[in-house]
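For the sequence shown, the positions run 1 to 428 when UniProt numbering is used. Below you'll find the structure, written out as structure tokens, and then a few comments.
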Amino acid sequence: MESKRSAALFNEAKKFIPGGVNSPVRAFKAVGGNPVFIRRADGPYLIDEDGNSYIELINSWGPMILGHNHPMIREAVIKAMEDGTSFGAPTEREIRIAELITHMVPCVDKVRMVNSGTEATMSAIRVARGYTGRDKFIKFEGNYHGHGDSFLISAGSGAITMGNPDSPGVTVGTAKDTLLAPYNDLEAVSRLVEANKDEIAAIILEPVAGNMGCVLPEPGFLQGLREICDDEGIVLIFDEVMTGFRLSKGGAQELFGIKPDMCTLGKIIGGGMPVGAYGGRKEIMEYVSPEGPVYQAGTLSGNPIAMAAGLAMLEYLNSHPEVYVELEQIGTTLVAGIKESLTSLGLPYTINHLNSMYSLFFTDQNVVDFESAKTCDTGRFGRYFQGMLQKGIYLAPSQFESLFLSTALKSEHIDRILDANEAVLKSL
Ligand code: PMP
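Pasting the structure below:
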């Protein structure tokens with residue numbers, strides 16, 4: 001596959017942009033080789049600067065649930081553009097999208113729009129702290145909540161309970177208020193809550209994790225967290241930036257029937273434009289400025305173009321429940337095919353899957369948390385990734401990411417993915 005132009009662009013990009021990219025995973029560091037520079041995208045395809053076309057399973061890391069360049073979104077954006085790109089003043093569309101979100105997402109009585117998932121989680125934690133008057137919060141190892149300082153605390157060593165900065169630039173003072181527990185480990189959460197009685201403002205988690213690869217909550221885990229939060233006056237926050245409007249119309253909270261106190265949203269909510277949101281119970285959201293004392297703002301928040309794209313997307317999903325049936329069928333067919341190949345090739349790898357999210361882990365362990373995810377053979381994953389790319393299938397360039405499916409994947413695309421998958425697995 002010709003890649004001269006992508007290689008040249010990457011060399012040029014590195015002169016002006018740190019690492020040549022505006023978000024680290026894009027650089028292909030974990031899988032080797034140069035990143036592919038994309039010129040355009042359509043339906044299930046990405047087309048690169050050398051003219052290669054790929055069937056892709058990232059969908060802009062989640063948002064493009066109906067495939068790329070969907071005419072409905074495109075038209076909504078073009079129409080909104082005719083009236084100007086930003087006003088810095090309220091618009092009717094913001095009411096319509098907020099109303100729709102409160103209708104679709106069970107825990108949301110009121111919602112505030114922001115510009116990214118990172119902003120949503122940072123703001124949600126601030127509000128939970130303001131509401132409870134407490135400073136600490138619990139997050140789970142291997143969960144990702146954007147790049148806000150207090151979330152860049154990862155798994156690791158002995159400092160789990162007090163938190164260790166994972167990134168230089170995060171101060172020890174900030175890190176000490178982030179408490180860590182292993183995913184799916186209710187006992188660890190109970191111990192933390194006991195040891196930090198009346199000090200914990202929130203428990204935040206990905207209700208289905210996508211950021212250590214796809215990891216499902218074990219039966220009783222979400223329910224157990226709900227009970228702990230109820231008993232202790234802790235705000236339960238589901239970070240549904242990935243799962244919102246994807247696992248079902250109302251996200252993971254609707255699918256599992258567990259209502260958090262707050263949730264964060266992103267990705268699909270903007271139809272591909274930079275949008276995030278946080279929302280929750282009325283009495284908590286009333287703490288947000290200007291109604292309440294917790295400050296949070298944004299010059300471009302509720303941007304008219306972004307709201308037009310997001311509203312078009314959410315209105316479509318709200319009125320087309322068959323999307324979720326279709327996504328489930330696509331996921332089930334694809335994953336069944338991959339499992340068949342694994343069996344026929346005698347490979348012991350693990351697949352985690354729920355609806356339109358899945359990960360193939362290069363390990364023979366069950367993957368239930370960060371520790372088990374880390375047993376993967378990442379070198380082998382890198383060779384798998386490169387093999388798939390050469391066959392025109394574009395995967396997430398890291399073992400520790402979920403793949404995201406779209407309704408643009410038809411049976412011919414699934415067949416091509418499965419053929420490539422079997423051939424590449426055989427060659428490893
Ligand atoms: N939360 C979760 C669960 C995410 O997956 C991400 C991004 N992948 C974020 C928050 C941060 O969103 P953003 O990249 O839009 O800041």
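Glycine residues also receive a C-beta, built at the ideal position from the N, C-alpha and C atoms. Computed from a predicted structure; not experimentally measured.
Query: Cβ distance (whole Å) where residue 58 is taken to contact residue 404 below 8 Å; Result: 6 Å
Query: Bridge-paired residues (DSSP) for residue 211; Result: 213
Query: Quiz: which residues have CB nearer than 6 Å to ligand 1 non-hydrogen atoms; Result: 61, 116, 117, 118, 121, 144, 145, 146, 206, 210, 211, 239, 241, 242, 266 and 276
Query: Cα-Cα separation, residue 137 to residue 345; Result: 45 Å
Query: Opposing strand residues paired with residue 288 [DSSP bridges]; Result: 294
Query: Delimiting residues of the alpha helix (DSSP H) encompassing residue 424; Result: 411-427
Query: Sheet register partners of residue 235 (DSSP bridge); Result: 202
Query: Residue range of the beta strand (DSSP E) that includes residue 353; Result: 350-354
Query: Residue 157 burial status per 10 Å Cβ neighbour count (16 or more: buried); Result: Its pLDDT being 30, under 50, residue 157 is placed unreliably by the model, and the measurement read from it follows with that caveat. Answer is exposed; the Cβ neighbour count stays below 16.
Query: Beta-carbon proximity list for residue 255, same chain, < 7 Å, skipping 5 on both sides; Result: 247 and 248
Query: Local conformation of residue 185 per DSSP, three classes; Result: coil
Query: Given 8 Å, three or more beta-carbon pairs between the stretch 324-337 and the stretch 171-188; Result: no
Query: Residue 142 to residue 63 span [Cα, whole Å]; Result: 21 Å
Query: Contacts around residue 10, its chain only, beta-carbon distance under 8 Å, and the 5 residues preceding and following it disregarded; Result: 20, 34, 35 and 37
Query: Best match in 263, 427 and 411 for proximity to residue 119 [C-alpha to C-alpha]; Result: 263
Query: Beta-bridge partners of residue 112, as assigned by DSSP; Result: 278
Query: The beta strand (DSSP E) enclosing residue 96, as first and last residue numbers; Result: That residue, residue 96, is in no beta strand (DSSP E); its alpha helix (DSSP H) goes 92-104.
Query: DSSP three-state assignment for residue 122, whether helix, strand or coil; Result: helix
Query: Cβ distance (whole Å) where residue 250 is taken to contact residue 243 below 8 Å; Result: In fact, because the Cβ distance is near 10 Å, the residues do not count as touching under 8 Å.
Query: C-alpha gap between residue 135 and residue 105, whole angstroms; Result: 27 Å
Query: C-beta contact flag for residue 45 and residue 70 at 9 Å; Result: no
Query: Residue 53 - partner residues in DSSP beta bridges; Result: 47
Query: Close beta carbons around residue 149, own chain, < 6 Å, minus the five adjacent residues each side; Result: 170 and 174
Query: Test item: CB-CB of residue 3 and residue 48 under 9 Å; Result: yes
Query: Same chain, Cβ closer than 7 Å to residue 207, five either side skipped, listed in chain order; Result: 217, 222, 238, 240, 243, 252, 253 and 256
Query: Simplified DSSP state of residue 316, which is helix, strand or coil; Result: helix
Query: Sheet register partners of residue 261 (DSSP bridge); Result: In the DSSP output, where bridge partners are listed per residue, residue 261 has none listed.
Query: Beta carbon of residue 270 nearer than 9 Å to that of residue 310; Result: yes
Query: Where residue 432 sits in the DSSP three-state scheme; Result: One cannot answer for residue 432 here, as it falls past the ends of the chain, which runs 1 to 428.
Query: Neighbourhood of residue 228 by C-beta, 8 Å cutoff - its chain only, sequence neighbours within 5 removed; Result: 186, 189, 190, 193, 203 and 234
Query: Same chain only: Cβ atoms within 7 Å of residue 300, ignoring 5 sequence neighbours per side; Result: 86 and 115
Query: Buried versus exposed, by CB contacts within 10 Å (16 or more), residue 390; Result: exposed
Query: Collapsed DSSP secondary structure at residue 42 in the structure displayed; Result: strand
Query: Closest residue to residue 314 among 282, 23, 6 and 103 (Cα-Cα distance); Result: 103
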